[in-house]
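Below: the structure, in structure tokens.
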Amino acid sequence: MSTDLLEAPAAIAPSADLLTLIVAEIRPETHDVKTFVFHPEGGVPPYRAGQSMTLKLAIGGETLFRTFSLASAPDASGTIAMTIKAHATGQATRWLHDELAVGARLEARSPKGRFTIEGRTTEKLALVSAGSGASPLMAMLRHLAATAPDTDIYWLHAARTPRDILFARELAALQARMPHLKVAMVVSRPEPGWFGFSGRLGRRMVSVALPDYGRREVFCCGPTGFMDEARLIHAAEGGARDLFHIEHFGAVTPVAPPPVPVDAPAEGYAVTLGDKSFTAQPGETLLQAATRQTIVIPCGCASGMCGTCRVSLVSGAVEMQHDGGISPEEEAQGYILACSSRPRSDVTIAL
Ligand SMILES: Cc1cc2nc3c(=O)[nH]c(=O)nc-3n(C[C@H](O)[C@H](O)[C@H](O)COP(=O)(O)OP(=O)(O)OC[C@H]3O[C@@H](n4cnc5c(N)ncnc54)[C@H](O)[C@@H]3O)c2cc1C
Ligand code: FES
Numbered sequence: 180m181s182t183d184l185l186e187a188p189a190a191i192a193p194s195a196d197l198l199t200l201i202v203a204e205i206r207p208e209t210h211d212v213k214t215f216v217f218h219p220e221g222g223v224p225p226y227r228a229g230q231s232m233t234l235k236l237a238i239g240g241e242t243l244f245r246t247f248s249l250a251s252a253p254d255a256s257g258t259i260a261m262t263i264k265a266h267a268t269g270q271a272t273r274w275l276h277d278e279l280a281v282g283a284r285l286e287a288r289s290p291k292g293r294f295t296i297e298g299r300t301t302e303k304l305a306l307v308s309a310g311s312g313a314s315p316l317m318a319m320l321r322h323l324a325a326t327a328p329d330t331d332i333y334w335l336h337a338a339r340t341p342r343d344i345l346f347a348r349e350l351a352a353l354q355a356r357m358p359h360l361k362v363a364m365v366v367s368r369p370e371p372g373w374f375g376f377s378g379r380l381g382r383r384m385v386s387v388a389l390p391d392y393g394r395r396e397v398f399c400c401g402p403t404g405f406m407d408e409a410r411l412i413h414a415a416e417g418g419a420r421d422l423f424h425i426e427h428f429g430a431v432t433p434v435a436p437p438p439v440p441v442d443a444p445a446e447g448y449a450v451t452l453g454d455k456s457f458t459a460q461p462g463e464t465l466l467q468a469a470t471r472q473t474i475v476i477p478c479g480c481a482s483g484m485c486g487t488c489r490v491s492l493v494s495g496a497v498e499m500q501h502d503g504g505i506s507p508e509e510e511a512q513g514y515i516l517a518c519s520s521r522p523r524s525d526v527t528i529a530l
């Protein structure tokens, strides 16, 4: 976590970091998951396996920002890929699945995020996922297959039914090339002919599937309840907390009440966003204040990691405490993360 006191710059730099992605291929993975392969115009931006990109989508007259992990390995030449689940009532994912076609052009922000295997400290890894959470972990596995195929890796994936399991065929092919890759699947709704694990992720199941789980460095992505369970089991098996890394796909748990700055006025600060005004109570983040007053600021993780909630600070000052979702260059250009910034004066922000 890093904390900065930021004031609006004298002049706002134009949003220079939008990349153009051209849809090269759309591949169905399961009945509700597709992989979208893109050619980034001007070449693939540098990224690390596990990082994500925020798409800027024009849908039904609205501009939506949604963040998706890169499922491709940085080593893949010329293209990047995102593996995306269509949510039944999802604004962006339904449009991506139903409307986006090969050849279409999209805008995206450059890759970011700290959920990467670059800083791993142990040799033995466990890549633990549920649902579309397999996406950033597949990027890691593909990267390791290309650069360190001897790595000792356990892939544990949870899906609703056998038909929802992601990347099964590719995993089998990778196992043929990676001598120390072990794969286990667990489904919550088994079907006739299923011989893998079934039920909810539990300690007994993990101790059978992954006997040295507590001694492995874990990268985990899935719904919050799943990740909590995976973390508890890791801790119960003796795993150190700093060897357990997670990626949140959505802010499904309420954000803890923030500390109140001692010098904040009791009535809070005025926030202006375009033609809307609202009040940030003492200690509230800009995102919390906007959400409370039904004003939409794009949001992904709500915890300073993904960069989806990036806005320009046009005037005023904020205190920002984030977790890697914004780069020093973006801060210098006057950007802040709404989920991680608390006003220290009246402020004006822009999407
Ligand atoms: C860092 C990061 C990486 C991500 N990577 C991926 C990825 O690789 N693949 C992928 O499919 N998604 C990924 N997501 C989630 C993605 O950004 C969207 O939130 C999600 O796809 C829903 O978008 P939507 O516009 O279709 O749904 P919305 O219109 O925003 O929401 C529609 C409904 O779906 C629910 N919903 C929204 N998001 C989720 C979610 N993540 N899980 C369950 N229910 C949800 C909402 O509560 C609502 O009821 C990632 C998110 C983050 C923050
Ligand atoms: S919503 Fe992810 S950094 Fe703010």
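Under my numbering, the first residue of the sequence shown is numbered 180, with each subsequent residue one higher. Ideal Cβ positions, reconstructed from N, Cα and C, are used throughout, including at glycine.
Am I right that T246 and T487 are in contact with their C-beta atoms under 8 angstroms? What's the rounded C-beta distance?
Residue 246 sits at position 67 when you count from the first residue of the sequence shown. Residue 487 sits at position 308 when you count from the first residue of the sequence shown. Correct: roughly 5 angstroms between the Cβ atoms.
Looking only at DSSP bridge pairs, what is R245 linked to?
Locating residue 245 in the sequence shown gives position 66, counting from the first residue. According to DSSP, which records beta bridges pairwise, R245 is partnered with L234.
Compute the distance between the beta-carbons of L279 and E396, then report whether it is under 8 angstroms.
For the purposes of this step, residue 279 is identified with residue 100 of the sequence shown, where counting begins at 1. For the purposes of this step, residue 396 is identified with residue 217 of the sequence shown, where counting begins at 1. Their beta carbons are not under 8 angstroms apart, which means L279 does not touch E396 by this criterion.
So is L234 buried or exposed if we call it buried at 16+ other beta carbons inside 10 Å?
Working through the sequence shown from its first residue, we reach residue 234 at position 55. Under this definition L234 is a buried residue.
Distance, Cα to Cα, I495 vs L466?
Residue 495 sits at position 316 when you count from the first residue of the sequence shown. Residue 466 sits at position 287 when you count from the first residue of the sequence shown. Ile is not the amino acid found at residue 495; the sequence shown has Gly there. Cα-Cα distance, rounded: 16 angstroms.
Does DSSP classify P507 as helix, strand or coil?
Mapped onto the sequence shown, residue 507 falls at position 328. In the structure shown, P507 sits in a helix (DSSP, three-state: H, G or I).
Would the beta-carbon of A228 fall within 8 angstroms of that of H322?
As a working note, residue 228 is residue 49 in the sequence shown. As a working note, residue 322 is residue 143 in the sequence shown. Cβ atoms of A228 and H322: closer than 8 angstroms.
Tell me whether F428, by its Cβ, gets closer than 7 angstroms to a heavy atom of ligand 1.
By 1-based counting over the sequence shown, the position of residue 428 is 249. Yes, the Cβ of F428 comes within 7 angstroms of a heavy atom of ligand 1.
Give the C-beta separation of S482 and C400 to the nearest angstrom, bearing in mind that I take them to be a contact with Cβ-Cβ under 8 angstroms.
Sequence index remark: in the sequence shown, residue 482 carries index 303 (1-based). Sequence index remark: in the sequence shown, residue 400 carries index 221 (1-based). Not quite, the Cβ-Cβ distance comes to about 14 angstroms (not below 8 angstroms), so this is no contact.
Nearest to F428 by alpha carbon, out of V385, C480, D442, H276?
On the sequence shown, position 249 is the one that residue 428 refers to. Nearest option by C-alpha distance: C480.
Which partner residues does C478 have in the DSSP bridge list?
The sequence position of residue 478 within the sequence shown is 299, counting from 1. Its beta-bridge partners do not exist; DSSP assigns none.
Beta-carbon contacts of A203 that lie in its chain and below 8 angstroms, excluding the five residues immediately before and after:
On the sequence shown, residue 203 is found 24 positions in, with the first residue counted as 1. These residues qualify, in order along the chain: V216, F217, H218, T258, V281.
Which residues does DSSP pair with P207 in a beta bridge?
Counting from 1 along the sequence shown, the entry for residue 207 is found at position 28. Answer by DSSP bridge pairing, in chain order: K213.
Rounded straight-line distance, which links the Cα of S367 to that of G221
Along the sequence shown, read from residue 1 onward, the residue named residue 221 stands at position 42. Along the sequence shown, read from residue 1 onward, the residue named residue 367 stands at position 188. G221 and S367: Cα-Cα distance of roughly 43 angstroms.
R489 classed as buried or exposed, judged by whether at least 16 other C-beta atoms fall within 10 angstroms:
Reading the sequence shown from its first residue, position 310 is the one you call residue 489. Burial call: buried.
For A252, is the beta carbon positioned less than 7 angstroms from some heavy atom of ligand 3?
Ligand 3 is not part of this structure, which contains only ligand 1 and ligand 2.
Opposing strand residues paired with C399 [DSSP bridges]
By one-based count along the sequence shown, residue 399 stands at place 220. For C399, which the question treats as bridged, DSSP gives the partners V307, I425.
Where V431 and T403 are concerned, what is the direct C-alpha to C-alpha distance, given to the nearest angstrom?
Here the question's residue 431 lines up with position 252 in the sequence shown. Here the question's residue 403 lines up with position 224 in the sequence shown. With a pLDDT of 46 at V431, under the threshold of 50, the modelled position of this residue cannot be trusted, and the question is left open.
Beta strand (DSSP E) containing S494: first to last residue?
To locate residue 494, count along the sequence shown from 1; it is residue 315. S494 -> beta strand (DSSP E) spans 489 to 494.
Ligand 2 and L516: does any heavy atom of the ligand fall closer than 7 angstroms to the residue's C-beta?
Mapped onto the sequence shown, residue 516 falls at position 337. It does: the Cβ of L516 is within 7 angstroms (strictly closer) of some heavy atom of ligand 2.
Pick helix, strand or coil for V450, following the three-state DSSP scheme.
Reading the sequence shown from its first residue, position 271 is the one you call residue 450. Reduced to three states, the DSSP call for V450 is strand.
Any heavy atom of ligand 1 closer than 7 angstroms to the Cβ of F247?
On the sequence shown, residue 247 is found 68 positions in, with the first residue counted as 1. Yes, Cβ of F247 sits closer than 7 angstroms to a heavy atom of ligand 1.
Which two residues bound the contiguous alpha helix (DSSP H) that contains E286?
The count along the sequence shown starts at 1 and reaches residue 286 at position 107. Careful: E286 lies outside any alpha helix (DSSP H), inside the beta strand (DSSP E) at 284 to 287.
Going by the CB atoms, is the gap between G292 and G503 shorter than 8 angstroms?
Along the sequence shown, read from residue 1 onward, the residue named residue 503 stands at position 324. Along the sequence shown, read from residue 1 onward, the residue named residue 292 stands at position 113. For G503 and G292, yes; Cβs fall inside 8 angstroms.
Spatial neighbours of A325 within its chain, please: CB distance less than 6 angstroms, with the 5 preceding and 5 following residues excluded, ordered by chain position.
Counting from 1 along the sequence shown, the entry for residue 325 is found at position 146. Closer than 6 angstroms at Cβ, skipping near neighbours: A252, D254.
Cα separation between A265 and L345?
To locate residue 265, count along the sequence shown from 1; it is residue 86. To locate residue 345, count along the sequence shown from 1; it is residue 166. One C-alpha to the other measures close to 14 angstroms.
Measure the CB-CB distance between A529 and V493 and report whether it falls below 8 angstroms.
Taking the sequence shown and counting its residues from 1, one reaches residue 529 at position 350. Taking the sequence shown and counting its residues from 1, one reaches residue 493 at position 314. The answer is yes: Cβ separation under 8 angstroms.
Exposed or buried, which one is S256 when buried takes at least 16 other CB atoms within 10 Å?
Mapped onto the sequence shown, residue 256 falls at position 77. Under this definition S256 is an exposed residue.
May I ask you to report which of helix, strand or coil DSSP gives I515?
Taking the sequence shown and counting its residues from 1, one reaches residue 515 at position 336. In the structure shown, I515 sits in a strand (DSSP, three-state: E or B).
From this set, P369, F294, D525, R273, which residue's C-alpha is nearest V212's C-alpha?
Here the question's residue 212 lines up with position 33 in the sequence shown. Out of P369, F294, D525, R273, R273 has the C-alpha closest to the C-alpha of V212.
Taking C-alpha atoms, which residue in L516, E508, A337 lies nearest to H501?
For this step, residue 501 is matched to residue 322 along the sequence shown. Of the candidates L516, E508, A337, the one whose C-alpha sits nearest the C-alpha of H501 is L516.
State the Cα-Cα distance for the pair T464 and R471, rounded to the nearest angstrom.
Within the sequence shown, numbered from 1, the residue matching residue 464 stands at position 285. Within the sequence shown, numbered from 1, the residue matching residue 471 stands at position 292. Roughly 11 angstroms between the two C-alpha positions.
Compute the distance between the beta-carbons of R284 and M232, then report whether it is under 8 angstroms.
The residue given as residue 284 occupies position 105 in the sequence shown. The residue given as residue 232 occupies position 53 in the sequence shown. For R284 and M232, no; Cβs fall outside 8 angstroms.
Where G372 falls, given that 16 or more other Cβ within 10 Å makes a residue buried
Taking the first residue of the sequence shown as position 1, residue 372 is located at position 193. Burial call: exposed.
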